[in-house]
Amino acid sequence: MSRIGLKPVSIPSGVEVVLGSESIRVKKGSSEESVMTNRLVTVTHEGDFLLVKPVNDGKRARQMWGTMRSLLDNAVTGVDKGFEKRLEISGVGFRVLMKGRTLVFSLGFSHDVEVEIPSDIEVEEGKDKRGTSLVVRGVSKQRVGQFASNIRRLRVPDAYKGKGIRYGGEVLLLKEGKKK
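For the sequence shown, this note's numbering begins at 607 and goes up steadily by one.
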């Protein structure tokens, strides 16, 4: 039995949920998110809650039960509060500049790396004003995490010096260098 699937998804005030045959739309103001439905799971709207139940007792239906509930909860949380990931850039001369909807990274390569910001993602520079931190925000948890991961992949933190792009609060265990 799915412990996650048993919990109802609470719908905050101002959030509108429309159940359809192909997808479930969650909307608040200008932000909107949709979740594709699965034929092995039924979703019902009761009061201020969404209830998810499997259609049968098969293994695949039980697997999709908790997954569907988590996807719906992420969609409701995304349109209500949004998701964010913080990135920190560490290294001598490493920085990022915003030029319109483009991020220009100086990461120690012979050239600058340019990354286009998707239309559904918002990026702002951190509070330090040195160009060494970013905040990625959006409605979709998956899209925010994927974009932050793509940025981090440009220069993964070095295991010996710690230089590179890391998530905010990420702790690196540095390896010890060679000894003479």
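Backbone N, C-alpha and C fix where the C-beta goes; we use that ideal spot for every residue, glycine too.
Quick one: is the Cβ of residue i within less than 7 angstroms of any heavy atom of the ligand FAD?
{"i": "R675", "result": "With respect to the ligand FAD, the structure shown offers nothing to examine, as it has no ligands at all."}
Between the alpha carbons of residue i and residue j, how many angstroms are there, rounded?
{"i": "E731", "j": "R645", "result": "43 angstroms"}
{"i": "M642", "j": "V729", "result": "27 angstroms"}
{"i": "V750", "j": "E639", "result": "13 angstroms"}
{"i": "Y773", "j": "V658", "result": "33 angstroms"}
{"i": "E776", "j": "V647", "result": "36 angstroms"}
{"i": "T738", "j": "F700", "result": "7 angstroms"}
{"i": "H651", "j": "P660", "result": "15 angstroms"}
{"i": "G768", "j": "K784", "result": "16 angstroms"}
{"i": "K733", "j": "E782", "result": "32 angstroms"}
{"i": "V623", "j": "F753", "result": "26 angstroms"}
At which residues does the alpha helix (DSSP H) containing residue i begin and terminate?
{"i": "K691", "result": "No alpha helix (DSSP H) holds K691; the beta strand (DSSP E) holding it covers 689 to 696."}
{"i": "L612", "result": "609 to 612"}
Given residue i, which residues of its chain have a CB within under 8 angstroms of its CB, disregarding the five upstream and five downstream residues?
{"i": "S637", "result": "G684, V685, G688, V745"}
{"i": "S627", "result": "T643"}
{"i": "K613", "result": "R675"}
{"i": "P724", "result": "R749, F753"}
How far does the beta strand (DSSP E) with residue i in it extend, from its first residue to its last?
{"i": "L778", "result": "That residue, L778, is in no beta strand (DSSP E); it is neither H nor E in DSSP."}
{"i": "F711", "result": "708 to 712"}
{"i": "H651", "result": "647 to 652"}
{"i": "V621", "result": "Unbroken run through V621: none, as it is neither H nor E."}
{"i": "L657", "result": "655 to 660"}
{"i": "K705", "result": "701 to 705"}
{"i": "V721", "result": "719 to 722"}
What is the DSSP secondary structure of residue i, counted as helix, strand or coil?
{"i": "K633", "result": "strand"}
{"i": "G744", "result": "strand"}
{"i": "K665", "result": "helix"}
{"i": "G626", "result": "coil"}
{"i": "I727", "result": "strand"}
{"i": "G770", "result": "strand"}
{"i": "S755", "result": "helix"}
{"i": "V750", "result": "helix"}
{"i": "V615", "result": "strand"}
{"i": "P640", "result": "Before going on, a small fix: residue 640 reads as Ser here, not Pro. S640: strand per DSSP, three-state reduction."}
{"i": "S676", "result": "helix"}
Under 8 angstroms between C-beta atoms, does residue i make it to chain C?
{"i": "W671", "result": "Among the chains in the structure shown there is no chain C, since it carries only a single protein chain."}
Quick one: residues in its chain with C-beta nearer than 7 angstroms to the C-beta of residue i, no 5 flanking neighbours on either side, listed in chain order?
{"i": "S608", "result": "R668, W671, G672"}
Does the pairing of the stretch 738 to 755 with the stretch 682 to 689 give three or more beta-carbon distances under 8 angstroms?
yes
Could you check whether the stretch 662 to 674 touches the stretch 708 to 723, counting it as contact only if at least three pairs of C-beta atoms, one from each stretch, sit closer than 8 angstroms?
no
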